[in-house]
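Numbering-wise, the UniProt record's numbering puts 425 at position 425 of the sequence shown, and it's gapless, one number per residue.
All residues carry an ideal CB built from backbone N, CA and C; glycine is no exception.
Since this is a predicted model, take the numbers as computed values, not measurements.
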Amino acid sequence: MQTAYYHKRVIHLPTIDRSEWQQLYKAGIKGALTCIHCGEKMRLQLSIEEPAQFLHPPTTLSCVDEVNAFEKKYSTKKEEPKKQEQALNGFSIPQNRSIAQTSETYDSSWKKPEPLTMIPDFQPTKSTTMTYQSEYRSLLQNNGIYLDDNQWSAVETTEGPLLILAGAGSGKTRVLTTRAAYMLTVKQISPKEMILVTFTAKAAKEMKARMEIYPNLSKQTLKQLMVGTFHSIFYKILLHHHPDRWHSSKLLKMDWQRDKLIKEAGREIDIDEKDFAYDQALTQISWWKNHLISPDQVKAADQWEEKVQYLYKRYEEKRTNEQMFDFDDMLIGCYELLKSDEHLRARYQQRFNYVSIDEFQDINKVQAEIITMLTEKSNNLCVVGDDDQSIYGFRGSDPDYILSFQQNYQSAKKIILNENYRSNHSIVSVANKVIATNRKRFKKTLKAQYHIENYPTLFYPYDEEEEATMIVNDIKKRIESGARPADFAILYRTNTHARALFERLIDSSLPFVIESDGESFYNRKTIRKILAYLRLAQNEDDMKAVPDMTSALFLKQNVVQDVKAYSITHDCTLVEAFSYVENLLPFQLKKLKALPKQFQTLRKMPPEKAIQYIESEMGLKDYIKKQGNEGNKMERGSDDVRDLKVAARQHETISSFLEHVDHMIAKYTEIKSLPPSKEAIQLMTIHRAKGLEYDHVYLLGTVEGNLPHDYALEAWREGNDNPLEEERRLMYVAITRAVQSLSISVPMMRRGKQTQRSRFVREAQKMISKASSLNT
């Protein structure tokens with residue numbers, strides 16, 4: 001059915017703006033949609049696979065025939081000009097209206113999902129056939145450990161520099177652990193001469209666990225083998241030689257400890273804690289440290305970096321004075337120790353005669369310098385990685401280290417692991433098409449081991465809200481057909497994109513986990529400012545909201561106490577008390593005098609219009625403009641405002657919106673406090689998904705400005721391709737997480753504006769001739 005009764009009027013979907021569908025969907029859940037024939041409650045179906053329609057409960061009445069006849073009669077009736085509604089059989093039918101902020105030619109109608117079928121023919125490969133025999137390889141195979149020829153070649157190469165280019169899903173962990181086992185058992189290399197370096201403690205633990213299954217390896221041998229992260233291995237060196245200086249009690253291991261030092265420095269130059277991105281400043285300081293750039297060597301690019309440079313200098317001075325160190329100092333300290341002590345360096349060069357490094361594409365400058373020193377004499381360096389999966393530039397990682405490995409080690413052997421054992425052929429082929437556009441990469445093509453008729457699919461929701469609804473409904477349908485919640489992952493570019501998904505999953509009965517170190521969307525700095533205005537519009541004595549509004553008005557926090565005092569002495573509300581504040585500039589006093597009347601106007605508005613009013617009439621736009629993005633390339637205050645408007649549009653009153661906000665903040669806190677569940681849908685950024693795999697993956701918001709991100713597009717326009725190429729690698733990583741199915745969302749609207757599909761999507765859609773097949 002395309003017709004239902006809602007709010008005392010007939011709703012005919014073809015004549016309703018697409019922007020209203022989500023509200024109708026929620027209305028159906030609340031029981032506010034009814035059949036125009038029998039009055040039974042109905043729901044609106046919003047699906048990836050099928051057009052939107054009203055669902056009628058089972059009935060013996062002829063409702064479907066009656067409504068179909070009604071719709072047919074309506075569709076043939078000539079539209080009367082210059083009328084918003086027309087009468088039909090006693091009902092008022094709303095006519096199609098133009099969508100705000102879009103052109104007249106913009107088509108917002110539901111679109112059928114588009115399978116990505118333009119891929120090369122599948123060509124099976126002989127992935128596990130042994131073309132040459134080895135006693136140890138046969139032994140492994142008898143123990144259920146199979147390796148293809150390229151993998152085995154990497155295992156047998158134990159001397160000299162070795163570059164293993166391990167594509168997504170190509171079994172690099174198996175190769176690393178098998179190679180170590182081969183060196184220990186067949187080559188009889190002492191475990192004390194070897195180290196395996198990883199980037200995460202989880203990866204190190206997984207490697208140790210896998211090593212236990214290999215034949216002829218004793219627990220004593222494995223116990224002597226050093227497997228760990230850069231920090232864990234090289235911190236042990238520092239602790240061994242200078243135990244007092246590097247005692248763990250002096251480590252700034254908690255975020256609040258680093259925050260305390262940097263905020264103390266910030267107060268020295270009068271930086272307001274509420275209005276400065278200290279977390280981003282610490283990230284920038286870490287980047288400088290990992291690039292071995294001291295405070296005096298920093299060349300600040302703008303005013304924000306000038307402030308951070310000062311904070312960096314004072315942070316280092318305070319840390320040194322208190323004889324403390326942070327995690328970055330562990331590697332810097334080891335680098336300086338080895339560089340300054342030639343005798344000690346030679347000792348460790350002999351001790352670490354065989355060095356293997358996992359995820360080499362993620363290495364940074366200080367890590368690369370340490371490894372170069374350690375392997376200078378032996379040259380026995382094995383690095384495993386994939387330049388196509390280098391996605392941590394913001395942490396200081398640089399793919400140039402893996403790309404230039406053969407120039408730095410001219411005798412290096414290169415082995416490419418390009419057999420993908422994870423994803424079906426169509427997913428692998430789409431990934432190949434996307435990443436092939438990057439110019440700064442090794443040329444290689446992944447090859448899948450199997451093919452099923454399940455192509456990656458593009459689907460076209462109206463906006464973020466409908467995107468979330470479609471995905472949750474699709475997951476429900478798949479679970480009803482036998483899938484498990486743990487089979488699903490929903491990936492997105494930045495954490496803010498998870499807001500609508502989080503809310504829709506909270507409203508559902510589906511178990512889920514959100515992988516994020518951040519706070520609730522509604523606790524973000526700019527969002528809190530807007531919510532403070534809305535809260536005071538509902539309750540002019542909301543003391544908790546006053547500090548955030550005070551910051552938004554460019555007033556210092558001591559004004560908060562003045563406002564509280566004036567509310568008592570003048571027997572008025574806190575909002576009215578702002579008009580009594582003194583000792584300010586004339587334009588500030590004028591703004592404060594206008595507040596009481598503005599709040600009277602504000603409280604009568606629906607939430608979306610209220611936010612627009614706060615932004616344009618109450619000074620928030622000036623606050624956002626002054627704040628800029630506070631050095632954070634990824635998150636702008638103005639973007640947060642647009643995201644909040646999308647959320648607010650789903651509510652009719654400020655009070656209902658604030659109730660929703662408070663509920664979601666509480667639920668976010670609750671969800672984050674629960675222990676992680678393995679039997680749950682996973683919500684995470686693409687960065688966090690690296691190294692993982694899921695049967696079914698949904699990728700959100702593949703439009704220009706999101707993936708690729710705005711900051712990368714801006715850099716590209718200025719002639720810098722590197723950020724855009726990293727964004728394309730992110731897309732590649734996201735695609736290759738999927739095993740069986742991949743659903744890629746291309747919303748028509750984002751943050752209230754019409755979108756353009758991502759260039760990465762266009763690359764995935766492009767034709768490939770058989771002559772230039774990527775799988776040849």
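Top-ranked residue by Cα proximity to residue i, from the options
{"i": "I416", "options": "Q151, K289, L381 and Y182", "result": "Q151"}
{"i": "I16", "options": "D326, A201 and Y462", "result": "Y462"}
{"i": "F488", "options": "T469, F512 and N143", "result": "F512"}
{"i": "residue 782", "options": "N558, Q538, L644 and H343", "result": "One cannot answer for residue 782 here, as it falls past the ends of the chain, which runs 1 to 776."}
{"i": "F360", "options": "L165, Y348, I490 and N290", "result": "L165"}
{"i": "K72", "options": "D398, F122, R210 and Q2", "result": "Q2"}
{"i": "E336", "options": "D362, E322 and I371", "result": "I371"}
Per-residue DSSP class, three states only, for residue i
{"i": "M207", "result": "helix"}
{"i": "F122", "result": "coil"}
{"i": "A32", "result": "coil"}
{"i": "A242", "result": "Per the sequence presented here, residue 242 reads as His, with Ala not at that position. Three-state result, H242: coil."}
{"i": "M194", "result": "strand"}
{"i": "G39", "result": "coil"}
{"i": "F199", "result": "coil"}
{"i": "H343", "result": "helix"}
{"i": "K289", "result": "helix"}
{"i": "I145", "result": "coil"}
{"i": "H247", "result": "coil"}
{"i": "H709", "result": "strand"}
{"i": "K365", "result": "helix"}
{"i": "V703", "result": "strand"}
{"i": "S769", "result": "Legend: pLDDT at S769 = 49, less than 50; position of this residue unreliable, value from coordinates given subsequently. Reduced to three states, the DSSP call for S769 is coil."}
{"i": "I16", "result": "coil"}
{"i": "I189", "result": "coil"}
{"i": "T59", "result": "coil"}
{"i": "A69", "result": "helix"}
{"i": "Y214", "result": "coil"}
{"i": "L555", "result": "coil"}
{"i": "I237", "result": "helix"}
{"i": "I370", "result": "helix"}
Environment of residue i [buried if 16+ CB atoms lie within 10 Å]
{"i": "D302", "result": "exposed"}
{"i": "Y6", "result": "buried"}
{"i": "W256", "result": "exposed"}
{"i": "G31", "result": "exposed"}
{"i": "Q188", "result": "exposed"}
{"i": "N143", "result": "exposed"}
{"i": "N495", "result": "buried"}
{"i": "M684", "result": "buried"}
{"i": "H425", "result": "buried"}
{"i": "residue 786", "result": "No statement about residue 786 is possible, as the shown extent of the chain runs from 1 to 776 and does not include it."}
{"i": "R9", "result": "exposed"}
{"i": "M543", "result": "exposed"}
Limits of the alpha helix (DSSP H) - the one that residue i falls within
{"i": "A52", "result": "Looking at the DSSP string, A52 is not in any alpha helix (DSSP H), and its letter there is neither H nor E."}
{"i": "L310", "result": "Sequence check: residue 310 is Tyr here, not Leu. Unbroken alpha helix (DSSP H) run through Y310: Q303 to N321."}
{"i": "G266", "result": "D255 to E268"}
{"i": "I568", "result": "N558 to T569"}
{"i": "V430", "result": "H425 to I435"}
{"i": "M470", "result": "E464 to E480"}
{"i": "D662", "result": "I654 to S673"}
{"i": "S677", "result": "Careful: S677 lies outside any alpha helix (DSSP H) and carries neither H nor E."}
Extent of the continuous beta strand (DSSP E) run through residue i
{"i": "I681", "result": "I681 to T685"}
{"i": "L417", "result": "K413 to L417"}
{"i": "F512", "result": "F512 to E515"}
{"i": "Y354", "result": "Y354 to I357"}
{"i": "D695", "result": "Y694 to L699"}
{"i": "V384", "result": "L381 to G385"}
{"i": "Y492", "result": "F488 to Y492"}
{"i": "Q740", "result": "A738 to S745"}
Beta-bridge pairing of residue i - partner residues as DSSP gives them
{"i": "P115", "result": "T457"}
{"i": "R750", "result": "K753"}
{"i": "R9", "result": "Y6"}
{"i": "T229", "result": "T198"}
{"i": "Q45", "result": "Q53"}
{"i": "N420", "result": "A448"}
{"i": "F325", "result": "L251"}
{"i": "I164", "result": "V384 and I415"}
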